[in-house]
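S.K.: First the structure, which I've put down as structure tokens, then a few questions once you've had a look.
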Amino acid sequence: MKTFTLERSQLINAPIDIVWQFFSDPRNLREITPTYMNFRVTSGPLPPEIFKGQLISYKVSPLFGIPLKWVTEIMDVVPQTMFIDEQRQGPYKLWHHEHYFETRKEGVMMRDKVAYALPLGILGEWANSLFVIKQLDAIFEYRRQIVDKQFNYNTV
């Protein structure tokens with residue numbers, strides 16, 4: 000299984016408690032996901048803050064408008080420092096997303112590290128190079144723009 004890595008960093012011009020409150024609230028997932036993906040939570044009402052062991056299920060249409068069920072589990076949470084989510088069901092063979100938050104004098108440095116693998120062996124690798132990595136870049140760029148409007152941060 001070939002594993003790919005995607006990393007992003009953003010400097011957010013806001014205090015850690017405000018940044019953490021926004022990103023640890025699973026109800027904000029829809030706001031930071033591109034509208035064309037038709038993202039909707041299906042696991043019922045969500046609490047205002049994630050917790051270790053939490054399962055979040057949703058429908059998302061990443062390709063050709065075809066809805067897919069995606070379930071993630073929150074694997075670890077250190078308040079105002081980091082959280083990790085992993086796919087339990089969805090389009091990837093592996094999806095491991097680490098979110099880190101570090102207070103700096105300019106605000107909060109948020110770092111994402113995603114390790115992912117696609118099904119179908121060499122066909123999955125081919126799909127990654129043709130469109131998956133481009134789509135992931137677009138999704139993270141959309142999030143960057145939304146966060147920019149919300150917090151007026153600078154990209155690093």
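Numbering-wise, the sequence shown is residues 0 to 155 according to numbering that gives the first Met the number 0.
Beta carbons are placed, not taken as given, at the ideal position from N, Cα and C, and that holds for glycine.
Given the structure is predicted, the values throughout are model-derived calculations rather than measurements.
State the start and end residues of the unbroken alpha helix (DSSP H) segment that holds residue 141.
M.R.: Run containing residue 141: 132-150, per the alpha helix (DSSP H) assignment.
S.K.: Considering only C-alpha positions, which residue in the set 75, 11, 81, 60 is nearest to residue 98?
M.R.: Answer by Cα proximity: 81.
S.K.: Using the Cα positions of residue 1 and residue 46, report the straight-line distance between them to the nearest angstrom.
M.R.: Distance between the alpha carbons of residue 1 and residue 46: 35 Å.
S.K.: Given residue 134, which residues of its chain have a CB within under 7 Å of its CB, disregarding the five upstream and five downstream residues?
M.R.: Hits under 7 Å: 61.
S.K.: May I ask which residues mark the beginning and end of the beta strand (DSSP E) holding residue 114?
M.R.: Its beta strand (DSSP E) spans residues 106-116.
S.K.: Just to confirm, does residue 145 get its C-beta within under 6 Å of one of the non-hydrogen atoms of the ligand MG?
M.R.: You won't find the ligand MG in this model; it holds no ligand whatsoever.
S.K.: Could you please give me the residues that DSSP links to residue 99 through a beta bridge?
M.R.: Its beta-bridge partners are 81, 110.
S.K.: Would you call the CB atoms of residue 15 and residue 102 closer than 7 Å?
M.R.: Cβ distance < 7 Å, so residue 15 and residue 102 count as in contact.
S.K.: Which residues share a DSSP beta bridge with residue 18?
M.R.: Looking at the DSSP assignment, residue 18 forms no beta bridge with any residue, so it has no partner.
S.K.: Could you check which residue in 64, 35, 5, 93 has the C-alpha nearest to that of residue 119?
M.R.: When only C-alpha atoms are compared, the closest one is 93.
S.K.: By Cβ distance below 8 Å, which residues in the same chain neighbour residue 139 in space, the five residues on each side in sequence not counted?
M.R.: Same-chain partners within the cutoff: 5, 7, 111.
S.K.: What residues match up with residue 72 in a beta bridge as DSSP calls it?
M.R.: Note: residue 72 sits in a beta bridge opposite 54, 85.
S.K.: So, helix, strand or coil for residue 41, using DSSP?
M.R.: It is coil, neither helix nor strand.
S.K.: Taking DSSP as the reference, what is the three-state secondary structure of residue 119?
M.R.: Correct three-state label for residue 119: coil.
S.K.: Who are residue 4's beta bridge partners in DSSP?
M.R.: Answer is 114.
S.K.: When the Cα atoms are used, what is the spatial distance from residue 30 to residue 130?
M.R.: Approximately 23 Å, taken between the alpha carbons.
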